[in-house]
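Novice: Below are the structure tokens for one structure; questions will follow.
Residue numbers (my numbering): 1 to 272.
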């Protein structure tokens with residue numbers, strides 16, 4: 001689980017860190033440093049809310065029955081897949097325009113007052129934080145209830161993201177962010193497909209979806225989950241040694257559709 005969670009932490013953390021660095025750079029270059037404290041108020045508030053949301057979601061199912069836990073876990077996994085899918089396409093589309101959009105919003109907020117600056121900072125960072133909280137819960141469920149590995153993966157990814165953003169801001173490192181988000185986007189498609197498959201399994205366990213015992217394959221003898229290679233596949237792609245037909249169809253369909261759409265570059269309309 002470390003790789004998948006680290007990848008999510010890296011992507012979400014880098015998006016949030018880039019947003020913060022863009023806002024800070026704009027205020028510094030326009031000689032409005034007095035507003036920096038309001039940016040940090042918004043950022044800290046968003047982080048606190050995200051951590052609180054993650055804790056509430058993670059421990060909300062403690063008093064539920066088995067069927068209720070499976071239904072809740074499956075639903076949260078589906079939501080996490082929706083968030084990650086949206087994140088993949090949003091960053092591909094917004095990568096070239098996000099800086100200008102954020103500067104425009106911050107410029108308007110400065111004209112309104114400190115509260116508006118806090119709100120812009122909060123909303124810019126809070127979305128990534130809430131997405132991470134939801135994905136963290138689904139990762140904890142996939143890991144069998146142990147939060148240590150998912151948490152370590154997320155924190156490691158976020159730490160790397162902050163270091164990269166700081167290096168970019170200081171001019172110490174330079175690389176093609178477009179290619180970075182393309183590569184991580186492709187990897188995240190497979191991660192999200194695994195989470196989708198796991199979510200469907202949970203909903204089948206809860207008797208919400210049919211076909212729990214209608215298996216597409218059972219390779220527990222050939223590729224057991226408790227082997228080192230099975231653990232690697234489970235950590236990367238949420239591999240399941242016993243996969244139902246519905247899970248397999250969902251996994252293949254998701255990868256085929258989302259990966260194809262992601263790799264097709266949007267056409268840029270020529271200026272008249």
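Positions of the beta carbon are idealized from the N, C-alpha and C atoms, including for glycine.
Report all residues from its chain with a CB closer than 7 Å to the CB of residue 130; omit the five preceding and five following residues, and keep chain order.
Specialist: 50 and 53
Novice: Which residues bound the beta strand (DSSP E) around residue 218?
Specialist: Residues 215–218.
Novice: Tell me the rounded alpha-carbon separation between residue 127 and residue 214.
Specialist: Their Cα atoms are separated by approximately 38 Å.
Novice: I'd like the list of long-range same chain contacts for residue 161, defined as Cβ closer than 6 Å, with 5 residues on each side in sequence excluded.
Specialist: 10, 13, 14 and 17
Novice: Quick check on residue 30: does DSSP put it in helix, strand or coil?
Specialist: coil
Novice: Just list the alpha helix (DSSP H) runs in the stretch 182–263, keeping only unbroken ones of 4 residues or longer that don't cross its boundaries, in chain order.
Specialist: Every alpha helix (DSSP H) stretch that sits fully inside the stretch 182–263 and reaches 4 residues is listed by chain position as 228–237 and 245–263.
Novice: Name the residue from 218, 183 and 36 whose alpha carbon lies nearest to the alpha carbon of residue 263.
Specialist: Sorting 218, 183 and 36 by C-alpha distance to the C-alpha of residue 263 places 183 at the top.
Novice: Considering only C-alpha positions, which residue in the set 67, 72 and 90 is nearest to residue 261?
Specialist: The closest CA to that of residue 261, considering only 67, 72 and 90, is found on 90.
Novice: How about residue 41 and residue 119: do their beta carbons lie closer than 8 Å?
Specialist: no
Novice: To the nearest angstrom, how far is the alpha carbon of residue 25 from that of residue 169?
Specialist: C-alpha separation (whole angstroms): 8 Å.
Novice: From this set, 240, 44 and 255, which residue's C-alpha is nearest residue 124's C-alpha?
Specialist: For residue 124, the closest alpha carbon among the candidates 240, 44 and 255 is that of 44.
Novice: Express the C-alpha separation of residue 121 and residue 97 in angstroms, rounding to a whole number.
Specialist: 17 Å
Novice: By Cβ distance below 8 Å, which residues in the same chain neighbour residue 255 in space, the five residues on each side in sequence not counted?
Specialist: Here the set comprises 189, 190 and 193.
Novice: Please classify residue 64: does DSSP put it in a helix, a strand, or coil?
Specialist: Residue state, collapsed to three classes: coil.
Novice: Looking at residue 110: is its Cβ nearer than 8 Å to the Cβ of residue 35?
Specialist: A Cβ-Cβ contact shorter than 8 Å links residue 110 with residue 35.
Novice: Checking 8 Å against the spacing of the C-beta atoms, do residue 278 and residue 212 come in under that value?
Specialist: Residue 278 is absent from the model: the chain starts at 1 and stops at 272.
Novice: Pick from 76, 225, 133 and 32: whose alpha carbon is nearest that of residue 150?
Specialist: 133
Novice: Please give the ranges of any alpha helix (DSSP H) in the stretch 40–107, keeping only runs that are unbroken, at least 4 residues long and fully inside the region.
Specialist: For the stretch 40–107, whole alpha helix (DSSP H) runs of length 4 or above, ordered along the chain, are 66–94.
Novice: By the 10 Å Cβ neighbour count, where 16 or more other Cβ atoms means buried, how is residue 198 classified, buried or exposed?
Specialist: Residue 198 is classed as buried because its beta carbon has at least 16 other beta carbons within 10 Å across all chains shown.
Novice: Check each candidate in 201, 167 and 257 and name the one with the smallest Cα separation from residue 77.
Specialist: 201
Novice: Any idea if residue 141 is buried or exposed, counting beta-carbon neighbours within 10 angstroms, 16 or more meaning buried?
Specialist: Its Cβ being crowded by 16 or more others within 10 Å, residue 141 is buried.
Novice: Helix, strand or coil: which one does DSSP assign to residue 13?
Specialist: helix
Novice: Use the C-beta contact count for residue 100: other C-beta atoms within 10 angstroms, 16 or more gives buried, fewer gives exposed.
Specialist: exposed
Novice: Count the other C-beta atoms from every protein chain shown that fall within 10 angstroms of the C-beta of residue 253, then say buried if there are 16 or more, exposed otherwise.
Specialist: Counting C-beta atoms within 10 angstroms of its own C-beta, residue 253 has fewer than 16 neighbours from the protein chains shown and is therefore classed as exposed.
Novice: Please classify residue 113: does DSSP put it in a helix, a strand, or coil?
Specialist: In the structure shown, residue 113 sits in coil (DSSP, three-state: anything other than H, G, I, E or B).
Novice: Find the nearest neighbour of residue 55 within the set 136, 225 and 245, judged by alpha-carbon distance.
Specialist: Just measuring C-alpha positions, the residue of 136, 225 and 245 sitting nearest residue 55 is 136.
Novice: Taking the CB atoms as reference points, tell me whether residue 7 and residue 259 lie closer together than 8 Å.
Specialist: no
Novice: Which residue comes first and which comes last in the alpha helix (DSSP H) that contains residue 161?
Specialist: Start and end: 148–170.
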